[in-house]
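In the working numbering, the protein residues as written are 376 to 511.
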Amino acid sequence: MAPEATMSNVHAGVLYAALALLGLSLLGPGLVETFRRRTGHTWLIADSAEARSHLRGLHAMMTAVGMIALWALWDIERARAQVLALGVVLVALVVARLYSLLVDGFPGTTTLTYLTLEALLAALFLIWPPPVPAAG
C-alpha cells in the first residue's frame, strides 16, 4: 500500500492563512455589498436597475469565491481542486487588472496593493497546492 500524501505543517499553515485571508476578505464585503440597500459608492455609481443588478451579481460571485476559499479550510489536504480553481480565478482577476492598467491608467495604492496580493495568492495556489492524494 502506498504511503498517504501529507503536507508539512508549514505548507498547511501557509495555505490556511492564505485561504482564510482570501475567504474572509471576500465573504464579508461581498455579503454587505450584495444586501446593501443602495448599491455603488461615490467612485462606482450604478444609476439604473440593470447596473445595480449587475453590481449585486458581481458582489454575490465575490461572496461565493470567499465561501469556496473558506470551504477549502474544512479539509485542506483534500482541497487540491478547490485551491487550484481559486488560483485560476485569481489569475483571471490579475490579467483583468493588468489590462486595466494598460487601458485605464494607474489606480491608487489600494488597488495596486490588491493586485500584488492577488498575484501572490494566485502563484501560491497554483505552484504550491495541497499534494495529490496517494493512490491506494
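Note that CB positions come from ideal geometry on N, CA and C, so glycine has one too. Owing to the predicted nature of the structure, the values given are computational and were not obtained by experimental measurement.
Top-ranked residue by Cα proximity to residue i, from the options
{"i": "Thr414", "options": "Gly405, Arg427, Pro404, Leu402", "result": "Arg427"}
{"i": "Leu476", "options": "Leu490, Val464, Asp422", "result": "Leu490"}
{"i": "Glu408", "options": "Ala494, Val466, Leu499, Leu433", "result": "Leu433"}
{"i": "Ile420", "options": "Arg412, Arg411, Leu430", "result": "Leu430"}
{"i": "Ala498", "options": "Tyr474, Gly480, Leu394", "result": "Leu394"}
{"i": "Leu468", "options": "Arg411, Ser423, Asp479, Leu492", "result": "Leu492"}
{"i": "Met442", "options": "Leu406, Thr486, Leu496", "result": "Leu406"}
{"i": "Val463", "options": "Leu473, Trp449, Ile502", "result": "Ile502"}
{"i": "Trp449", "options": "Val385, Ala392, Ala510", "result": "Ala392"}
Cβ-based burial, residue i [other Cβ within 10 Å; buried from 16]
{"i": "Ile451", "result": "buried"}
{"i": "Pro482", "result": "exposed"}
{"i": "Pro508", "result": "exposed"}
{"i": "Leu397", "result": "buried"}
{"i": "Leu390", "result": "buried"}
{"i": "Leu461", "result": "buried"}
{"i": "Phe500", "result": "buried"}
{"i": "Ala471", "result": "exposed"}
Residue i vs residue j beta-carbon contact at 7 Å
{"i": "Pro504", "j": "Leu465", "result": "no"}
{"i": "Ala366", "j": "Ala456", "result": "Nothing can be reported for residue 366: it is not among the residues displayed for the chain, which extend from 376 to 511."}
{"i": "Pro506", "j": "Ala380", "result": "yes"}
On the three-pair Cβ rule with 8 Å, is the region 388-404 touching the region 425-444?
yes
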